[in-house]
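4 protein chains.
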Amino acid sequence: MKKKLYGIIPPLVTPLKDNDHLDIDGLERLIEHVIEGGVHGIFILGTTGEAQSISMKLREEMIERTSEILKNRVPLLVGISDTSISDSAALAQKAYEAGAYAVVAAPPYYFATGQPELAEYYEELLKLLPLPLFLYNMPVHTKVSFEPKTIKRIAENKKVIGFKDSSANGTYLQAVMYTMKENPDFMFFVGPEEMTAEMILLGADGGVNGGANLFPKLYVDLYNAAQSKDLEQVRTLQQKVMQISTTIYSNGKYGSSYLKGLKCALSVAGICDDFLAMPFSRFDEEHRAKIKEAMNNLNF
Amino acid sequence: MKKKLYGIIPPLVTPLKDNDHLDIDGLERLIEHVIEGGVHGIFILGTTGEAQSISMKLREEMIERTSEILKNRVPLLVGISDTSISDSAALAQKAYEAGAYAVVAAPPYYFATGQPELAEYYEELLKLLPLPLFLYNMPVHTKVSFEPKTIKRIAENKKVIGFKDSSANGTYLQAVMYTMKENPDFMFFVGPEEMTAEMILLGADGGVNGGANLFPKLYVDLYNAAQSKDLEQVRTLQQKVMQISTTIYSNGKYGSSYLKGLKCALSVAGICDDFLAMPFSRFDEEHRAKIKEAMNNLNF
Amino acid sequence: MKKKLYGIIPPLVTPLKDNDHLDIDGLERLIEHVIEGGVHGIFILGTTGEAQSISMKLREEMIERTSEILKNRVPLLVGISDTSISDSAALAQKAYEAGAYAVVAAPPYYFATGQPELAEYYEELLKLLPLPLFLYNMPVHTKVSFEPKTIKRIAENKKVIGFKDSSANGTYLQAVMYTMKENPDFMFFVGPEEMTAEMILLGADGGVNGGANLFPKLYVDLYNAAQSKDLEQVRTLQQKVMQISTTIYSNGKYGSSYLKGLKCALSVAGICDDFLAMPFSRFDEEHRAKIKEAMNNLNF
Amino acid sequence: MKKKLYGIIPPLVTPLKDNDHLDIDGLERLIEHVIEGGVHGIFILGTTGEAQSISMKLREEMIERTSEILKNRVPLLVGISDTSISDSAALAQKAYEAGAYAVVAAPPYYFATGQPELAEYYEELLKLLPLPLFLYNMPVHTKVSFEPKTIKRIAENKKVIGFKDSSANGTYLQAVMYTMKENPDFMFFVGPEEMTAEMILLGADGGVNGGANLFPKLYVDLYNAAQSKDLEQVRTLQQKVMQISTTIYSNGKYGSSYLKGLKCALSVAGICDDFLAMPFSRFDEEHRAKIKEAMNNLNF
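Keeping their order, the protein sequence lines are chains A, V, L and S. Take the first sequence: its position 232, counting from 1, is numbered 350 in the working numbering, and each next residue is one higher. Take the second sequence: its position 228, counting from 1, is numbered 346 in the working numbering, and each next residue is one higher. Take the third sequence: its position 63, counting from 1, is numbered 181 in the working numbering, and each next residue is one higher. Take the fourth sequence: its position 222, counting from 1, is numbered 340 in the working numbering, and each next residue is one higher.
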């Protein structure tokens, strides 16, 4: 049974010319590319969108430009995660004005909160939001993970419509889904593409997968295979997802190799610029050659 | 395609009368209980078996007694994880003499090693082992996680026959399985019961699930449903697994609530003593009452 | 031998009426209070100043108001830590226009960088700064710690004039000071007040101590005692610092107890409002009573 | 005011020929070397002694041999840290029979305990101990840190005579000392040599410093300088300690560089074998050459 939102919702990269300017042509090509690939929505200003690395002003511009290009062909989700509740509210207002479907907010990521403090934060934030809210769990960056009972408490407010989990913790996501079982409309989206298929088989609603920037149709096909319980097809497509994960996202050291690899591959594919906002920067020629080679080996 | 070992292999609790004495009658009842439930093997002296909390002498006694009771009805796996390679080797020798099928070793857990050091440790350990080896990933306790390429390096030695992962990280286990894809006999077992079904659907070989001490048939049924791709049955049984997880393992504070809840439930069920070796201790009457109530609510 | 900056530089709390408004009267009282206490500078928009929790706009207002009230009576340091390098640069520009002495920047705190990435980030940031820079190490919040050799690399740029360490790691700070020993003008300030005296005895230049908002003279006296090698006086005053630390900062659970306790005590003392920006909030009456009692017990 | 134990108590390395055999001649040379250097006690089977990496049997032999060589010339402290309370008690019995002054126990390091569980563990352990006990805080290896109030609770038993802290956290150790201020006989020893001097200036009783295996007199001199409040001498000797720390302990990657560097330097100095028990191994020729060079540069 499908819910209001489902399927593959790419966390769009933010095409950049430099720290302060969007690559508008790249953004247009990227949006057309994922729409053609059949995605069920798009999510801007998430972790993959480097939202934290660009200025408030540029985040607002990204909302406007995306909305103009997208023209509501699929639902638009907008990340408003910030350490300042006022700045999050300002971004939500901008998203509302741009016709977004919902906003997405991770916990504040400078101070780590206790669970009751986390619930109180969202209760306060919800008062300021003109749109429905997805909770966004991203503990590797925020240092805080929502306990299942905290999600249940926050979701007593009906404006909270779903949960995007990027913890990669399979046990945890099962616990959250079980805890929310009496709320059948509540939506579950999985961040890590490597474990999206298995979670859909067990009841999740879709994936917010970075690789869908690059190969939207692959992730849509994988979603459809899992939805229709075609396990053979799931296992076949999963191999391709793993090939991408282990060859495109794993060059270079540090946690940044995913972002650098993804933007580099999008640039190799002629879709958008590979500029990354500080504190990161694009791959050098040596790493770019490896990404090119990995792209060539992905003969699908 | 089933491999040499597959299915549900409970990580047996170690029934204790006190810090230095086994509850032999309880051990006998426990082994008969899981065999009746249809388990495909048993694993002693793992984390659920409190191996680290009991003396070397008592670990050796546990190997002997289990072997005598089990009489090879299903394969016996023996945990030899220790911070001293010599003591690990001594346990492996005892396991060999007792007719065990294989041994299971987590990384040394006092000093955290770098990845090359980890590989060298296992290469040295393998020289001392008279039995095949499962690698055991348990980063929450050992502080170290095997990188996929480290597993590949260690598994160049054919005595390394499989990998038991208790990281709960779905992305990680997918990466390990993909990395080992050219080694089709290599076996993958999942520790956390909450994510075992989904991993079997995607190609894992079985589960080393603590709850199978208590309800072996449930976990065997779940394994069979996943093996036969009966997704409806998988989702139904998964709900029961989650009910156990959220009501039996989640009383009390701290990481010990799983072990305390499991042993308490086994005592409530009349199977074995609920004594826990230091640094833990059995639930008090208040918590025991909650476990009893949770058991009553599990009407299956 | 004193350097250009030295002594006690309180990390000023940001007096607030609500999430979006300064308590201007409180700010004025607070600044007069610390100046009277003899502090050697003030530092605004640090962790104690809840910089991350207030909007960009309010941070800019805090810079202006502080400058107007302070009138250069002591040097003004301004925190510009942000995840967006452009927003950090904008704050630095505002600080420059307000006549600040220097800016202070912690690593970006959403994405955790590798050490070379960290160095490159600061090298880029320095190009955008109209003022000298203090590096600010705060790993509990930023997840990243400067390796000593990274500090040495960044400090090759002479605009980098010092290091403020809030790691609480005594071994680490010694290693940084030793690594920088050929740069005698480079300044070292200690965040945690509990270990400031001992570090000054071993060569650090001063303390950026939260408690100096409340009891500026105590911390100035402690600095002077350490500077003049009066060990008896150091040990006596250290007891008072520890009494504050263990009674004012330790009510309530969670990491927020320091901030909540400090602002509550400032409110009890009639200096400024105890409103905390989200995700935190002021102590309830029960905790406020404990702070009052703790204040009464501080008979100095 | 000196307490019963004070000064420099080297955490002795365990000289090894291989994983199962002591380098007895090396042990004898090492003990004579540190005694000649003026140390105030010795501590065997700590982290620097690789206690966890050697078998129970070899740990018992180390106790016996050390006692025979030492002949009570200075007090002997024996590490009994283990994950099994019974094996810890067995080591304590052996220490008692060998005439040790006290035993030293870190928290169990496989399962991480909550604070009440930690207190209960020590309360149980104390019943089994024939000797006084030092608590040993080593969170990087044990994952658990004693909260100050837990130390206070455990130390209600008068057999608990002191605390050895290897957390490197200056704020924390101040908080512990303040919490225990009404127990003037309770002793505080500092693990990290880089911060020992500053803590002695503020009231700690001594250092358990690895470098005192190599240069016992240097650490004794530093202790004496701090005891006699000779700050100039403290700062001078501190530079030497930092030179050792940054050149001997920092070759190679990983946390093991301290142990590998220390044992290599002892071998270069002709004192004992540089064999390390698994999971570590001695430096290769390239790294050994660097240690030799670093030793040559230490012209003191």
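All C-beta atoms in this analysis are idealised placements derived from N, C-alpha and C, irrespective of residue type, glycine included. Here the structure is a predicted model, which means the values were calculated and not measured.
Exercise for review: Determine, using beta-carbon pairs with one atom in the region 346-353 of chain S and one in the region 384-391 of chain S, whether at least three such pairs fall under 8 Å.
Suggested key: Counting Cβ pairs under 8 Å, fewer than three are found: no touch.
Review point. Does the pairing of the region 301-310 of chain V with the region 269-284 of chain V give three or more beta-carbon distances under 8 Å?
Key: Judged by Cβ distances under 8 Å, the region 301-310 of chain V makes contact with the region 269-284 of chain V, as three or more pairs qualify.
Review point. Counting along the chain, where does the alpha helix (DSSP H) carrying L:Met413 start and finish?
Key: Start and end: 403-415.
Check your understanding: Considering only C-alpha positions, which residue in the set S:Ile153, S:Thr364, S:Arg183, S:Asp391 is nearest to S:Gly144?
Key -> Comparing Cα positions, the closest option is S:Asp391.
**Study point:** Cα-Cα separation, A:Tyr290 to A:Tyr239
**Key:** Spanning the two alpha carbons is a distance of roughly 22 Å.
Practice item. Out of L:Lys267, L:Lys121, L:Gln361, L:Leu195, state which residue places its alpha-carbon closest to the alpha-carbon of L:Leu163. Key: Nearest to L:Leu163 by C-alpha distance, out of L:Lys267, L:Lys121, L:Gln361, L:Leu195, is L:Leu195.
Practice item. Output the distance between the C-alpha atoms of S:Asn275 and S:Leu243, rounded to the nearest integer angstrom. Key: Approximately 11 Å between the Cα atoms of the pair.
Practice item. Enumerate, from N- to C-terminal direction, the unbroken alpha helix (DSSP H) stretches of 4 or more residues contained entirely within the region 329-395 of chain L. Key: If we require 4 residues or more, the alpha helix (DSSP H) runs fully inside the region 329-395 of chain L come out as 334-345, 349-365, 375-386.
Exercise for review: Measure how close the beta-carbons of V:Ser368 and V:Phe398 come, nearest whole angstrom, since I'm counting them as under 8 Å.
Suggested key: 16 Å between Cβ atoms; not a contact.
Practice item. Note down, in chain order, every chain L residue with its Cβ under 8 Å from the Cβ of A:Glu242. Key: Correct list: Met396.
Point to revise | Where V:Arg191 falls, given that 16 or more other Cβ within 10 Å makes a residue buried | key: Result: exposed.
Check your understanding: The beta strand (DSSP E) with A:Ile279 in it runs from where to where?
Key -> That run of the beta strand (DSSP E) goes 278-283.
Check your understanding: Between the C-alpha atoms of S:Gly396 and S:Ile181, what's the straight-line distance to the nearest angstrom?
Key -> Strictly speaking, residue 396 of chain S in this sequence is Met, with Gly absent from that position. One C-alpha to the other measures close to 20 Å.
**Study point:** Nearest residue (CA-CA) to V:Ser202, options V:Glu215, V:Leu246, V:Ile160
**Key:** With distances taken between CA atoms, V:Ser202 lies nearest to V:Leu246 out of V:Glu215, V:Leu246, V:Ile160.
**Study point:** Start-to-end residues for the beta strand (DSSP E) that takes in S:Ala220
**Key:** First-last of the beta strand (DSSP E) with S:Ala220: 220-223.
Review point. Helix, strand or coil for L:Lys121 per DSSP?
Key: Secondary structure of L:Lys121 (DSSP, three-state): coil.
Point to revise | Local conformation of L:Asp138 per DSSP, three classes | key: Of the three classes helix, strand and coil, the one that applies to L:Asp138 here is coil, per DSSP.
Review point. How long is the line joining the alpha carbons of L:Lys270 and S:Phe393, rounded to whole angstroms?
Key: Taking the straight line joining both Cα atoms gives about 34 Å.
Exercise for review: Report buried or exposed for V:Lys410, applying the criterion of at least 16 other Cβ atoms within 10 angstroms of its Cβ.
Suggested key: Under this definition V:Lys410 is an exposed residue.
Check your understanding: By DSSP, does S:Gly232 sit in helix, in strand, or in coil?
Key -> The DSSP-derived three-state label of S:Gly232 is coil.
Review point. L:Ile389 to A:Asp200, Cα distance in whole Å?
Key: Taking the straight line from one Cα to the other gives about 30 Å.
Review point. Residue range of the alpha helix (DSSP H) that V:Ile318 falls in?
Key: For V:Ile318, the enclosing alpha helix (DSSP H) covers residues 314-319.
Check your understanding: If you count every other CB in all the chains shown that lies within 10 Å of the CB of S:Glu168, and 16 or more means buried, which is it?
Key -> Counting every other CB atom within 10 Å of its CB across the protein chains shown gives S:Glu168 a total of 16 or more, marking it as buried.
**Study point:** Own chain, CB closer than 6 Å to S:Leu380, minus 5 neighbours either side, in chain order
**Key:** Correct list, in chain order: Gly328.
Review point. According to DSSP, which residues form a beta bridge with A:Gly324?
Key: A:Gly125, A:Phe307, per the DSSP bridge assignment.
Point to revise | Strand pairing of A:Leu251, partner residues [DSSP] | key: A:Leu251 is bridged by DSSP to A:Val221, A:Val278.
Review point. What residue does the beta strand (DSSP E) around S:Val196 start on, and which one ends it?
Key: Annotation for S:Val196: the continuous beta strand (DSSP E) segment containing it runs 194-197.
Exercise for review: Let me know the secondary structure DSSP gives S:Ile172 once reduced to three states.
Suggested key: Reduced to three states, the DSSP call for S:Ile172 is coil.
Review point. By Cβ distance below 8 Å, which residues in the same chain neighbour V:Met413 in space, the five residues on each side in sequence not counted?
Key: Ile366, Ala383, Val386, Ala387, listed in sequence order.
Check your understanding: Relative to the C-alpha of A:Ile153, which residue among A:Met305, A:Leu134, A:Glu179, A:Ile187 is closest?
Key -> Selected option, being the one with the closest Cα: A:Ile187.
Check your understanding: Is the CB-CB distance between A:Glu316 and V:Gly288 below 8 Å?
Key -> Cβ distance < 8 Å, so A:Glu316 and V:Gly288 count as in contact.
Check your understanding: Within this structure, are the beta carbons of V:Thr184 and V:Ile127 separated by less than 8 Å?
Key -> Contact flag unset, no.
Check your understanding: Can you find a C-beta in chain S that's less than 8 Å from the C-beta of L:Ser185?
Key -> Cβ-Cβ to chain S under 8 Å: no for L:Ser185.
Check your understanding: Would V:Met360 count as contacting chain A if we go by Cβ distances under 8 Å?
Key -> Judged by the 8 Å Cβ criterion, V:Met360 is in contact with chain A.
Review point. By Cβ distance below 6 Å, which residues in the same chain neighbour L:Ile70 in space, the five residues on each side in sequence not counted?
Key: Only positions 119 to 418 of chain L appear in the structure, and residue 70 of chain L is not among them; the question remains open.
**Study point:** Status (buried if at least 16 other CB within 10 Å, exposed otherwise) for L:Thr354
**Key:** The residue in question, L:Thr354, is exposed, as its Cβ has fewer than 16 Cβ neighbours within 10 Å.
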